[in-house]
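Take the sequence shown: its letters are residues 0 to 293, numbered as in numbering that gives the first Met the number 0.
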Amino acid sequence: MATNSWSTRHFNGVTGSVGAVFNVNDNLNIKLNVARGFRTPNMSELASNGVHEGSVRYELGNQQLKAEYSLQADLGVDFTSRYVSAQLALFANRIDNCYLTYAYTQGDARLLGFEAGVDVHPIHSVHFSNTFSYVDAQLLNADITTKYLPFTPAPKWTSELKWELQHHSHSTVSTHAMHEYRHDHPKSGLALNNLYVAAGLDCYLRQSHVYVADNTETPTPGYALLSLSAGTDIQVKGKKIAELYVTADNLLNKAYQNHLSRLKYADMNVVTGRRGVYNMGRNVTFKVVVPINL
């Protein structure tokens, strides 16, 4: 009787992490962490041989794949003051035997990146926050067609301006805030708490660092998505009866494809003449949360 030799393979690995936090002063913290990772190949990576309809690609497994090992170092800096909060996180990751997709092979890779954010609040009720993230993922000792690892996130800048129109702590809602709102609603004692409005902008830069071998990936142009949101707690006689939220994503109905979407490479749409499936257009959602106290 024939047997599959790879069905009895064994994988062993040691993982762990160690970190430390240095409190420079009341406003500044520095964090350092080093971690060792380990991952075994899954059944798809070992035994696939056919079209994966969910990702619109042909996958061919490799029974000789070895386990992945990674070593990552993270450095973080946090700063907090009365009017400004800022964070910076740097990371470097070395991966041995990194799995490469479609026809599964392996190679050594390194990933470098950072995320930086700042939140400015000149007054208590207004917050202006910005975050930028970047990842550079490359296969070592590779030619230009296979230099960049597939499905690497595009550089992204996120910005949000939030205005808290009505905000009271739980202890003051029933006194000062309730008195103010009951003047307008003397019978119901109706009040709004934690009321806010916000505008957000997500900017994805062009991703041209792509795995071009075998037409695996194509560059993705940059795009920007505008969003608006608002929310509030609804209270009656000092007791919260519901939370109400409304969000409008992709307000300008931008046609775009996320670089990480596998459906970007689906067949051409004969109606639009465009290849692949595009991400969601304008989307407005309403959310009501009603607390139930048993």
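Note that the Cβ used here is the ideal one computed from N, Cα and C, for glycine as well.
Between the Cα of residue i and those of the options, spot the shortest distance and give me the residue it belongs to.
i	options	result
proline 154	Asp201, Ala190 and Ile122	Asp201
alanine 265	Asn140, Glu163 and Ser54	Ser54
leucine 99	Leu111, His120, Phe113 and Tyr147	Tyr147
glycine 230	Tyr133, Ala198 and Asn24	Ala198
asparagine 282	Val276, Val270, Gly237 and Leu227	Leu227
cysteine 97	Ala88, Glu163, Arg109 and Gln86	Arg109
alanine 102	Ala247, Leu250, Thr246 and Leu45	Leu45
arginine 38	Lys65, Asn32 and Ser47	Lys65
asparagine 26	Ala85, Ala72 and Asp73	Ala85
arginine 35	Thr14, Val20 and Asn41	Thr14
phenylalanine 78	Trp156, Lys30, Ala91 and Thr104	Lys30
proline 152	Lys253, Gly221 and Tyr244	Gly221
glycine 116	Gly75, Ser207 and Arg205	Gly75
Under the rule that 16 or more other beta-carbon atoms within 10 Å means buried, what is residue i, buried or exposed?
i	result
valine 209	buried
alanine 190	buried
glutamate 67	buried
leucine 139	exposed
threonine 171	With a pLDDT of 41 at threonine 171, under the threshold of 50, the predicted position of this residue should be treated as unreliable, and no value is reported.
serine 43	exposed
proline 185	Unreliable positioning characterises proline 185 in this predicted model, as indicated by a pLDDT of 49, which lies under 50. A coordinate reading is not provided.
glycine 219	The amino acid at residue 219 is misidentified as glycine; the sequence shows threonine. Label assigned to threonine 219: buried.
glycine 60	buried
tyrosine 203	buried
isoleucine 291	exposed
aspartate 364	The displayed coordinates of the chain run from 0 to 293. Any statement about residue 364 would go beyond what the structure contains.
Pull up the DSSP beta-bridge partners for residue i, would you.
i	result
isoleucine 233	Leu191 and Ala241
threonine 49	The amino acid at residue 49 is misidentified as threonine; the sequence shows glycine. Paired residue(s): Glu58.
alanine 88	Gly75 and Glu114
histidine 126	Lys161
tyrosine 147	Gln137
glycine 12	Partner(s): none; glycine 12 has no beta bridge.
asparagine 292	Looking at the DSSP assignment, asparagine 292 forms no beta bridge with any residue, so it has no partner.
arginine 261	BP columns for arginine 261 are empty, so no partner.
Whole-angstrom Cβ separation of residue i and residue j, contact assumed at under 8 Å?
i	j	result
glycine 106	aspartate 135	Actually they are not in contact, since the Cβ atoms of glycine 106 and aspartate 135 sit about 16 Å apart, beyond 8 Å.
glycine 188	lysine 263	The Cβ separation is near 53 Å, so there is no contact.
- Sufficient close CB pairs (3 or more, under 8 Å) joining the stretch 273 to 293 to the stretch 244 to 259: yes
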